[in-house]
Amino acid sequence: MNYNPEPEKVTSILEIFDISTNKSILIKEFPYLIEAPDWTSDGKWLIYNSEGLIYKLSASGGEPQLIDTGFANQCNNDHLVSPDGKWLAVSHRSLPQGRPTVFILPAEGGTPRQVTPSAPSYLHGWSPDGKSLTYCANREGEMDVYTINIDGTNETRLTFSEGLNDGPEYTPDGKYIWFNSVRTGLMQLWRMKTDGSEQTQMTFDEDSNSWFPHISPDGKHVVYIAYKKGDLEPHEHLRYKNIEIRIMPATGGKPQTLIKVFGGQGTFNVNSWSPDSKQFAYVRYKTELNSK
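If you read the sequence shown in the working numbering, its first letter stands for residue 223, the second for the next number, and so on.
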């Protein structure tokens, strides 16, 4: 995965967007890089990553608390709390490969247990019943969508098209997986059944590349980020870009832009909806490239 050069100084601004008022609420500013807020199922905490470690922060703000992830100290922005709130899954850049592998540990901290058999594995979704994970992985020369049982058994490849297939996430009813795919030229959102059948294109944006679909807990809405066409290659999801956060019906239909932010990679790589489906969390950035 490619990235823009890191600026000398970055401010990460964690906000919550309320879909009923169409307004953002500032939660906290950080004088360093944080990524990917992930709301816990009880609505109390936001989980995020920074410098390879995982933290939790009260959804109302305050001071962050470090979660002890043991030897998993090179975690990226692909992390999730289980639906029952008991477990934390992370993508840790384990040695010797230096590429991410998925691990599970107690949500309050503990010793990680490896789940995916090899790297790279970029975690994105946890099934509603808590029994399976879905992720993007390279096993046969292409980045495709896979599922696996949380005990590490039955790794199953679901996509077989050329090019990148990424960002998979289960619907709340457990029947479908949404993902993004570059198979038609631009990056678009797709949906399939959890066995990989009925792969259906859900967005048809001609002006943008669409990434990271996040389905609301009530199953009604999907939010995602859109990069302007031409700002990067369709297979890239870079940080420090002007992007749009869009929303669309989960049944399909015309997307609507909710907010424009300076962000991209790290803004919301994993599902960040509140449990009541009224809000979602995201991160925007401020650097010398964009001082607003």
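The beta-carbon is built from N, C-alpha and C at its ideal position, and this holds for glycine as well.
Values in this document were obtained by computation on a predicted structure and should not be read as measured data.
In three-state terms, what does DSSP make of residue i?
i	result
Met409	coil
His459	coil
Pro259	strand
Leu240	Looking at the sequence provided, one finds Asp at residue 240 rather than Leu. Strand at Asp240.
Ile372	coil
Met223	Unreliable placement is indicated for Met223, whose pLDDT of 41 sits below 50; the coordinate value is still reported in the next sentence. Here Met223 sits in coil by DSSP.
Ser190	With the chain covering 223 to 514 only, the question about residue 190 has no answer from this structure.
Thr473	coil
Quick check: what's the CA-CA separation for residue i versus residue j?
i	j	result
Gly307	Tyr449	32 Å
Gly274	Ile289	11 Å
Tyr254	Tyr270	13 Å
Asp395	Thr422	18 Å
Phe293	Pro334	8 Å
Asp366	Glu384	9 Å
Ala503	Glu257	11 Å
Val232	Gly452	24 Å
Met424	Met409	11 Å
Glu330	Trp309	8 Å
Ile370	Arg361	13 Å
Tyr392	Ser438	10 Å
Ala311	Thr416	20 Å
Ile372	Arg413	22 Å
Determine whether the Cβ of residue i lies closer than 7 Å to any Cβ atom of chain D.
i	result
Thr356	No chain D appears in the structure shown, which is made up of a single protein chain.
Report buried or exposed for residue i, applying the criterion of at least 16 other Cβ atoms within 10 angstroms of its Cβ.
i	result
Ser234	buried
Gln478	exposed
Gly347	buried
Gly407	exposed
Ser313	buried
Asn224	With a pLDDT of 44 at Asn224, under the threshold of 50, the predicted position of this residue should be treated as unreliable, though the coordinate-derived value follows. Asn224 comes out exposed.
Lys278	buried
Leu386	buried
Ser343	buried
Asp300	buried
Ser272	buried
Val505	buried
Glu237	buried
Glu458	buried
Ser419	exposed
Ser242	exposed
Do the segment 483-501 and the segment 423-443 meet, that is, are 3 or more Cβ pairs less than 8 Å apart? Touching, yes.
Going along the chain, which unbroken runs of the beta strand (DSSP E) with 3 or more residues stay wholly within the segment 336-365? Runs of the beta strand (DSSP E) inside the segment 336-365: 343-348 and 354-360.
Do the segment 464-478 and the segment 277-295 meet, that is, are 3 or more Cβ pairs less than 8 Å apart? Contact between the segment 464-478 and the segment 277-295 is absent, with fewer than three C-beta pairs closer than 8 Å.
Fully enclosed by the segment 379-459, which beta strand (DSSP E) runs are 3 residues long or longer? With a minimum length of 3 residues, the continuous beta strand (DSSP E) runs that stay inside the segment 379-459 are 387-392, 398-403, 410-415, 430-437 and 443-450.
Can you list the beta strand (DSSP E) stretches of 3 or more residues lying completely in the segment 269-339, in chain order? Within the segment 269-339, the complete beta strand (DSSP E) runs of at least 3 residues fall at 275-280, 283-289, 297-303, 309-316 and 321-328.
Segment contact, 8 Å Cβ cut-off, at least three pairs: the segment 461-468 with the segment 493-500: In short, these stretches do not touch, since the Cβ pair count stays below three.
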